[in-house]
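From first to last, the protein sequence lines stand for chains A and B. Residue 41 in the UniProt record's numbering sits at position 41 of the first sequence, with consecutive numbering throughout. Residue 209 in the UniProt record's numbering sits at position 209 of the second sequence, with consecutive numbering throughout. Quick reminder that beta carbons are idealized off the backbone N, C-alpha and C, glycines included. Computed from a predicted structure; not experimentally measured.
There are 2 protein chains.
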Amino acid sequence: MDYTPPLDDLRFLLTQAIDTSELSTLFAEQGFDNDLALTLLEEAGKFCAEVIAPLNLPGDATGCRLEDGKVITVPGFAQAYATYAEGGWCGLSAEPEYGGQGLPRTLQFLVDEMLSGANLSFGLFPGLTRGAVEAIVAHASDELKNTYLPKMISGEWTGAMALTESNAGTDLGLLRSKAVPNGDGSYAITGTKIFISSGDHDFGGNVIHLVLARLPDAPEGVKGISLFLAPKFLVNADGSLGARNSFSVGSLEHKMGIHAQPTCVMNYDNATGWLVGEPGRGLNAMFTMMNAERLFVGLQGLGIAHAAYGKAVAYAKDRLQGRAPGDSRAPAPIIGHPDVRRMLLTIRAFTEAGRALAVWTAIRMDVAHHHTDAAERAKADALVSLLTPVIKAAFTDFGFESTVMAQQVFGGHGYVHEWGMEQFVRDARIAQIYEGTNGVQAHDLVGRKLGLSNGKLAHEFFDLMAAELAEARAVGGIDDITAPVEAALARLRDVTTRVQARNVDIAETGAAACDYLRMFALVSFGWMWARMAATATKGGDTKLHEAKLAVARVFTGRLLPQTAALEAAIDNGAAPLLQLAADLF
Amino acid sequence: MDYTPPLDDLRFLLTQAIDTSELSTLFAEQGFDNDLALTLLEEAGKFCAEVIAPLNLPGDATGCRLEDGKVITVPGFAQAYATYAEGGWCGLSAEPEYGGQGLPRTLQFLVDEMLSGANLSFGLFPGLTRGAVEAIVAHASDELKNTYLPKMISGEWTGAMALTESNAGTDLGLLRSKAVPNGDGSYAITGTKIFISSGDHDFGGNVIHLVLARLPDAPEGVKGISLFLAPKFLVNADGSLGARNSFSVGSLEHKMGIHAQPTCVMNYDNATGWLVGEPGRGLNAMFTMMNAERLFVGLQGLGIAHAAYGKAVAYAKDRLQGRAPGDSRAPAPIIGHPDVRRMLLTIRAFTEAGRALAVWTAIRMDVAHHHTDAAERAKADALVSLLTPVIKAAFTDFGFESTVMAQQVFGGHGYVHEWGMEQFVRDARIAQIYEGTNGVQAHDLVGRKLGLSNGKLAHEFFDLMAAELAEARAVGGIDDITAPVEAALARLRDVTTRVQARNVDIAETGAAACDYLRMFALVSFGWMWARMAATATKGGDTKLHEAKLAVARVFTGRLLPQTAALEAAIDNGAAPLLQLAADLF
Chain A
1 MDYTPPLDDL RFLLTQAIDT SELSTLFAEQ GFDNDLALTL LEEAGKFCAE VIAPLNLPGD
61 ATGCRLEDGK VITVPGFAQA YATYAEGGWC GLSAEPEYGG QGLPRTLQFL VDEMLSGANL
121 SFGLFPGLTR GAVEAIVAHA SDELKNTYLP KMISGEWTGA MALTESNAGT DLGLLRSKAV
181 PNGDGSYAIT GTKIFISSGD HDFGGNVIHL VLARLPDAPE GVKGISLFLA PKFLVNADGS
241 LGARNSFSVG SLEHKMGIHA QPTCVMNYDN ATGWLVGEPG RGLNAMFTMM NAERLFVGLQ
301 GLGIAHAAYG KAVAYAKDRL QGRAPGDSRA PAPIIGHPDV RRMLLTIRAF TEAGRALAVW
361 TAIRMDVAHH HTDAAERAKA DALVSLLTPV IKAAFTDFGF ESTVMAQQVF GGHGYVHEWG
421 MEQFVRDARI AQIYEGTNGV QAHDLVGRKL GLSNGKLAHE FFDLMAAELA EARAVGGIDD
481 ITAPVEAALA RLRDVTTRVQ ARNVDIAETG AAACDYLRMF ALVSFGWMWA RMAATATKGG
541 DTKLHEAKLA VARVFTGRLL PQTAALEAAI DNGAAPLLQL AADLF
Chain B
1 MDYTPPLDDL RFLLTQAIDT SELSTLFAEQ GFDNDLALTL LEEAGKFCAE VIAPLNLPGD
61 ATGCRLEDGK VITVPGFAQA YATYAEGGWC GLSAEPEYGG QGLPRTLQFL VDEMLSGANL
121 SFGLFPGLTR GAVEAIVAHA SDELKNTYLP KMISGEWTGA MALTESNAGT DLGLLRSKAV
181 PNGDGSYAIT GTKIFISSGD HDFGGNVIHL VLARLPDAPE GVKGISLFLA PKFLVNADGS
241 LGARNSFSVG SLEHKMGIHA QPTCVMNYDN ATGWLVGEPG RGLNAMFTMM NAERLFVGLQ
301 GLGIAHAAYG KAVAYAKDRL QGRAPGDSRA PAPIIGHPDV RRMLLTIRAF TEAGRALAVW
361 TAIRMDVAHH HTDAAERAKA DALVSLLTPV IKAAFTDFGF ESTVMAQQVF GGHGYVHEWG
421 MEQFVRDARI AQIYEGTNGV QAHDLVGRKL GLSNGKLAHE FFDLMAAELA EARAVGGIDD
481 ITAPVEAALA RLRDVTTRVQ ARNVDIAETG AAACDYLRMF ALVSFGWMWA RMAATATKGG
541 DTKLHEAKLA VARVFTGRLL PQTAALEAAI DNGAAPLLQL AADLF
């Protein structure tokens with residue numbers, strides 16, 4: 001088995017550990033309930049395990065090619081994508097108005113985890129299309145919406161996001177691509193973009209590019225950036241495909257991983273495009289969908305970690321090497337070795353808490369979009385804003401570290417291609433980098449999110465956690481789990497207050513950022529472990545509940561103490577980092 | 001510049017921070033002193049920077065091939081190896097009796113760091129040859145020595161170590177290869193070995209395999225293993241090359257990294273070989289050189305981290321993106337960003353302390369081999385034994401983590417091949433796995449080394465560190481560096497005592513192992529930073545001294561506090577790891 005979907009855990013989360021009743025209310029019209037959710041997740045899991053997971057290792061070996069300017073994707077991808085689209089999966093959470101099923105994003109994110117774990121290169125095709133769809137829904141004219149959305153939501157056409165240029169990555173304000181009005185409402189876009197995922201392919205249909213560029217006489221910096229829609233094929237009035245637009249794939253990036261994903265250098269040469277949203281508000285248009293995109297990337301880290309865990313467990317049960325403690329002279333499965341268990345349980349402690357936190361946060365996101373009460377929407381949206389950088393960065397950091405541990409379980413076999421473990425490491429690495437590096441996420445958390453609601457938002461979130469921890473404690477019998485989490489939360493509160501006070505100095509923000517984000521994530525994971533442990537204690541004595549309690553204790557006993565070290569690093573401040581003159585590096 | 005050798009740091013260590021007078025005494029006959037060392041290191045650095053570093057990136061892209069059973073190495077390697085051998089580098093620390101220069105291993109290790117940083121795939125060729133030479137020197141008959149050593153030491157012939165089989169990795173006791181006496185003093189060896197670095201190549205000359213196999217009726221397990229020498233070409237009485245031996249390359253491993261290194265699956269089919277050492281003592285023969293090999297691997301991790309640091313610094317000074325704290329509106333080099341500095345200084349805090357500890361330990365190794373007083377030899381050897389697993393595992397763990405941080409400095413550019421950063425990550429990863437995984441190293445430290453001298457060895461080492469820390473403190477002005485290290489050492493002492501007490505239970509050994517090793521390494525690094533800070537304080541006010549003090553403060557302020565988290569994890573013990581039944585994973 002190449003990939004085992006986390007269906008038992010999803011059932012535990014949706015039906016026991018997390019309250020999903022708000023989703024049933026908000027999506028009553030779509031008939032949403034946990035039964036529907038679990039049925040769909042089972043179906044999606046089957047697609048992931050049976051269709052795309054088997055393409056993962058061969059896709060990595062083959063990679064995409066560029067021949068005569070055309071992208072050749074790896075064998076099987078086009079057919080798998082067609083199957084996925086035919087199943088209606090592309091529009092799972094999309095607007096019913098344009099053919100989507102209008103189901104919760106929560107469900108979409110859980111499907112995303114599985115897609116990413118089974119085959120990240122594949123999962124990026126529908127994922128980026130969804131991002132483009134969201135930007136169009138939120139900002140484009142009705143004409144553009146009616147022309148493009150139905151076929152993007154059906155999966156007939158795909159989407160791509162063209163932001164980065166070689167000199168403008170984190171700092172998009174530096175980008176140079178130009179858009180000149182053609183006089184007919186369209187624009188001529190010229191420039192070169194790099195790192196464009198799904199920039200082109202051979203699936204058929206159309207590829208809809210959203211391109212950031214500058215209008216003539218636009219001001220410098222981010223305020224001069226506008227967003228344009230440029231399709232690979234111009235679309236005729238009857239909706240059929242017309243002339244080839246004047247942009248092309250300059251080359252495919254030679255990447256560390258996700259070899260089956262055509263990451264393109266794109267050359268736009270007076271390409272025809274249409275403005276999406278207001279002139280000069282291009283970054284704003286991109287950022288409206290950023291929360292969703294960043295949660296998606298966080299789930300990529302989680303998904304690959306889960307996939308790597310599954311293979312590592314199978315190997316550890318099978319591989320006979322050395323003697324287990326207390327065992328006889330015969331070689332024993334290495335899953336008996338405490339150090340192997342340490343690695344496996346560490347992965348699990350991160351992935352299961354992460355999945356729980358993802359579900360909780362995704363529900364907030366659905367509430368933020370669909371609740372009838374504006375105050376409820378705003379409250380939920382604020383929490384999503386706060387947690388988004390944490391999920392993007394921490395899940396992908398822990399995800400990468402998890403793939404490295406899972407690879408280590410295989411010894412030398414982990415270093416060779418056949419077993420697939422080294423691919424997980426290479427693929428997982430990108431998620432720490434794209435959609436804003438994890439350093440950028442940490443800056444976002446400390447420099448922006450900690451300032452929201454006059455600095456009160458984070459503390460409101462801490463209050464929420466504290467109340468739930470008290471409830472978990474009241475269940476009884478899990479003080480060894482709840483007590484260290486409550487202590488860690490108290491530390492996090494204090495650290496937060498200190499970090500907020502120092503935030504007047506931007507250097508202090510940067511110095512604290514990454515360690516603070518990791519500390520924040522560990523405490524949030526602790527909250528979720530306390531919640532899951534309380535659920536498991538109340539829920540009887542099934543094997544899954546037994547496992548939850550065991551993993552919770554590994555988390556609080558071995559991993560949560562890292563918060564103390566992170567606190568010390570944060571409190572060390574910026575001065576030691578700034579002491580060394582640049583020429584002494 | 002692809003690679004900048006750490007010559008300033010080496011000068012600082014050899015002439016100021018570490019006392020090398022013992023080497024000058026022990027190697028007086030060879031005319032060894034710091035001037036000679038630095039001249040040779042400069043030469044070696046030049047070779048690394050000018051000859052092999054430029055082959056690193058193209059070698060990764062090309063990789064080795066197997067054509068008609070013949071290994072084709074990447075363009076430039078054969079010539080580079082010839083240049084290296086002609087320079088006399090292969091025999092730098094080898095026995096003068098067989099043509100070596102008899103210089104300190106300390107010097108060899110420092111050359112190894114540079115070779116590995118510039119081009120790990122290349123560095124493994126001379127490195128493995130040296131390992132084979134050492135095993136032959138220590139255990140083979142005079143006839144074998146006279147036949148093989150001179151040409152291996154001159155670099156005309158290379159060596160390979162054939163240990164692992166697909167079912168026997170960490171647990172070599174499971175290996176199945178057979179060796180049957182031919183009746184003429186030679187043996188017929190049959191079996192398949194995997195992961196054989198430098199198993200074959202197209203450099204010309206001969207490839208001398210040291211193969212572990214079982215004699216007929218040998219007992220099961222490690223006591224039935226013997227070591228054999230099997231050359232690719234049999235050697236005629238006059239020393240010329242004769243018939244091709246009956247072994248062949250089955251395939252090349254498809255690896256995550258070190259693509260320019262031909263890692264072979266080898267098939268021995270009644271291959272002719274000769275016993276090295278006593279029957280049934282094969283593992284013993286291999287382990288006599290293990291300390292040296294494992295130090296070599298540790299230096300690989302260090303070398304790649306240093307190389308990655310060099311490129312990341314150059315990029316960070318050049319890349320304009322965002323505004324530095326307190327800077328104007330213009331895009332500024334990212335080296336001004338505290339979070340970028342955090343990553344760069346973390347790498348430096350590990351690599352410079354590691355290099356210092358490597359020099360210190362390597363001198364102990366030279367003393368252990370060459371001192372006239374047996375008691376001094378034994379004392380030095382014990383310290384080397386203790387520190388070897390620490391250096392192998394911690395340097396390669398920190399080395400890998402360093403390459404990941406250096407890659408992160410590049411953002412998206414770090415993920416594509418051209419910049420070379422993702423190759424560092426892939427290449428560095430192997431060092432955590434081979435020559436005994438880092439988990440095995442940790443077991444060796446906790447399960448075996450902590451027990452040496454009735455458990456006193458580690459505490460003697462702590463006494464030595466404590467005395468030096470007191471001396472450093474007495475220099476004055478660096479209490480903020482020495483005090484936390486002294487506190488961390490006190491914790492390490494206590495933890496060690498507790499771990500030793502729990503070592504009666506092998507499960508506790510395994511549960512503590514990896515976290516304990518990391519804690520031990522951090523404290524040892526702290527010792528070296530205190531020593532270097534004291535040296536810098538005494539040494540005047542050069543820029544290098546200023547940098548040493550700054551990096552020391554980053555180490556003690558931000559990184560050393562991790563020891564507290566590790567202590568908590570260690571004290572959590574084995575029970576939580578063992579709680580979950582294997583079928584619940």
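Which residues mark the beginning and the end of the beta strand (DSSP E) in which B:V207 is found?
Position 207 of the second sequence, counted from the start, is the residue given in the question as residue 207 of chain B. Unbroken beta strand (DSSP E) run through B:V207: V207 to R214.
So, is the C-beta of A:T192 closer than 8 Å to a C-beta in chain B?
Counted from its first residue, the first sequence places residue 192 of chain A at position 192. No, its Cβ sits nowhere closer than 8 Å to a Cβ of chain B.
Once DSSP output is grouped into helix, strand and coil, what is the label at B:K255?
Numbered from its first residue, the second sequence carries residue 255 of chain B at position 255. Residue state, collapsed to three classes: strand.
Cβ shell of A:A213 (< 7 Å), same chain only, five flanking positions each side left out:
The residue labelled residue 213 of chain A in the question sits at position 213 within the first sequence. Answer for A:A213: S177, K178, A179, I189, G191, S226 and F228, listed in chain order.
Please give the ranges of any alpha helix (DSSP H) in the segment 527-577 of chain A, keeping only runs that are unbroken, at least 4 residues long and fully inside the region.
543-554 and 562-572
Using a Cβ-Cβ distance under 8 Å, would B:D479 count as near chain A?
Start at 1 with the first residue of the second sequence, and residue 479 of chain B comes out as number 479. Chain A, which has no Cβ nearer than 8 Å to the Cβ of B:D479, makes this no.
Whose CA, out of B:V409, B:M266, B:H370 and B:V404, lies closest to the CA of B:Y315?
Within the second sequence, the letter at position 315 stands for residue 315 of chain B. Considering only alpha carbons, the answer is B:V409.
Against B:M256, what residues of chain A qualify as contacts under a CB-to-CB distance less than 8 Å, listed in chain order?
By 1-based counting over the second sequence, the position of residue 256 of chain B is 256. The answer, in chain order, is Y415, V416, H417, E422, V425 and R426.
Relative to the alpha-carbon of B:E113, which residue among B:M161, B:I194 and B:L10 has its alpha-carbon at the smallest distance?
Locating residue 113 of chain B in the second sequence gives position 113, counting from the first residue. Comparing Cα-Cα distances from B:E113 to each of B:M161, B:I194 and B:L10, the minimum goes to B:L10.
Indicate whether A:G411 and B:I433 have their beta-carbon atoms separated by less than 8 Å.
One-based indexing of the first sequence puts residue 411 of chain A at position 411. One-based indexing of the second sequence puts residue 433 of chain B at position 433. Yes. Within cutoff.
Thinking just about the alpha-carbon of each residue, which of A:H259, A:T556 and A:T542 is nearest to the one in A:L489?
The residue labelled residue 489 of chain A in the question sits at position 489 within the first sequence. Taking only the C-alpha atoms, the option nearest A:L489 is A:T556.
Closer than 8 Å at the beta carbon, the chain B residues around A:A547:
Numbered from its first residue, the first sequence carries residue 547 of chain A at position 547. Within chain B, the residues near A:A547 are L580 and L584.
Using a Cβ-Cβ distance cut-off of 8 Å, determine whether A:Q300 contacts chain E.
This model lacks chain E altogether; the protein chains it does include are A and B.
Distance CB(B:N454)-CB(B:D397) smaller than 8 Å
For the purposes of this step, residue 454 of chain B is taken as residue 454 along the second sequence, with counting starting at 1. For the purposes of this step, residue 397 of chain B is taken as residue 397 along the second sequence, with counting starting at 1. No. Outside cutoff.
Sort out for me which residues DSSP pairs B:D60 with in a bridge.
The residue you call residue 60 of chain B lines up with position 60 of the second sequence. DSSP lists no partner for B:D60.
Using a Cβ distance threshold of 8 Å, determine whether the segment 442-457 of chain A contacts the segment 348-360 of chain B, with at least three qualifying pairs required.
no
Taking only beta-carbon atoms, is A:R355 less than 8 Å away from chain B?
Here residue 355 of chain A refers to the residue found at position 355 of the first sequence. No, because no Cβ of chain B sits closer than 8 Å to the Cβ of A:R355.
Local conformation of B:D269 per DSSP, three classes
Walking along the second sequence from the start, residue 269 of chain B turns up at place 269. Three-state DSSP puts B:D269 in a strand.
Reference A:K379; option with closest CA among A:M365, A:P389 and A:T388:
Within the first sequence, the letter at position 379 stands for residue 379 of chain A. That would be A:M365, whose Cα lies nearest to the Cα of A:K379.
Member of A:T25, A:A406 and A:Y84 whose CA lies at the smallest distance from the CA of A:L115
Taking the first sequence and counting its residues from 1, one reaches residue 115 of chain A at position 115. Measuring from the Cα of A:L115, the nearest candidate turns out to be A:Y84.
Please confirm whether B:H337 has its beta-carbon closer than 8 Å to some beta-carbon of chain A.
Walking along the second sequence from the start, residue 337 of chain B turns up at place 337. Yes, because at least one Cβ of chain A sits closer than 8 Å to the Cβ of B:H337.
At least 3 beta-carbon pairs within less than 8 Å: the segment 168-175 of chain B vs the segment 94-107 of chain B:
no
Alpha carbon to alpha carbon, what distance is there between A:A308 and A:F125?
Taking the first sequence and counting its residues from 1, one reaches residue 125 of chain A at position 125. Taking the first sequence and counting its residues from 1, one reaches residue 308 of chain A at position 308. Approximately 22 Å, taken between the alpha carbons.
Can you tell me whether DSSP reads B:V74 as helix, strand or coil?
Sequence index remark: in the second sequence, residue 74 of chain B carries index 74 (1-based). Looking at B:V74 - three-state DSSP - the assignment turns out to be coil, as it is neither helix nor strand.
Using only the alpha-carbon positions, how far apart do A:H259 and A:S198 sit?
As a first step, residue 259 of chain A must be located in the first sequence, where it is residue number 259. As a first step, residue 198 of chain A must be located in the first sequence, where it is residue number 198. Going by the C-alpha atoms only, they are around 12 Å apart.
Would you list the one or two residues that DSSP bridges to A:E165?
The residue given as residue 165 of chain A occupies position 165 in the first sequence. A:E165 pairs with A:A168.
Suppose you measure from the CA of B:A356 to the CA of A:D339; what does that come to, to the nearest Å?
What you label residue 356 of chain B is simply residue 356 of the second sequence in a count that begins at 1. What you label residue 339 of chain A is simply residue 339 of the first sequence in a count that begins at 1. Between B:A356 and A:D339, the C-alpha separation is close to 29 Å.
Does the distance from the C-beta atom of A:A393 to that of A:L517 stay below 8 Å?
Here residue 393 of chain A refers to the residue found at position 393 when the first sequence is read from its first residue. Here residue 517 of chain A refers to the residue found at position 517 when the first sequence is read from its first residue. Cβ distance < 8 Å, so A:A393 and A:L517 count as in contact.
Looking only at its own chain, which residues have a Cβ that is under 8 Å from the Cβ of A:A442, when we skip the five neighbours before and after it?
Here the question's residue 442 of chain A lines up with position 442 in the first sequence. Here the set comprises P389, A393, A513, C514, Y516 and L517.
How would you label A:P576, buried or exposed, when you count the other beta carbons within 10 angstroms and need 16 or more for buried?
Here residue 576 of chain A is taken as the residue at index 576 of the first sequence, counted from 1. With 16 or more other Cβ atoms within 10 Å, it is buried.
Determine whether the Cβ of B:C264 lies closer than 8 Å to any Cβ atom of chain A.
On the second sequence, position 264 is the one that residue 264 of chain B refers to. Not an interface residue.
Buried or exposed: where does A:E293 fall if 16 or more other Cβ atoms within 10 Å of its Cβ makes it buried?
Locating residue 293 of chain A in the first sequence gives position 293, where the first residue counts as 1. A:E293 is buried by the Cβ-count criterion.
Helix, strand or coil: which one does DSSP assign to A:W274?
Position 274 of the first sequence, counting from 1, holds the residue named residue 274 of chain A. DSSP places A:W274 in strand when its eight states are reduced to three.
Compare the C-beta of A:D19 against all C-beta atoms of chain B and say whether one is closer than 8 Å.
Within the first sequence, numbered from 1, the residue matching residue 19 of chain A stands at position 19. No, no contact with chain B.
Just by C-beta distance, which residues in the segment 192-221 of chain B are closer than 7 Å to chain A?
F195
Across which residues does DSSP place A:C514 in a beta bridge pair?
Counting from 1 along the first sequence, the entry for residue 514 of chain A is found at position 514. Looking at the DSSP assignment, A:C514 forms no beta bridge with any residue, so it has no partner.
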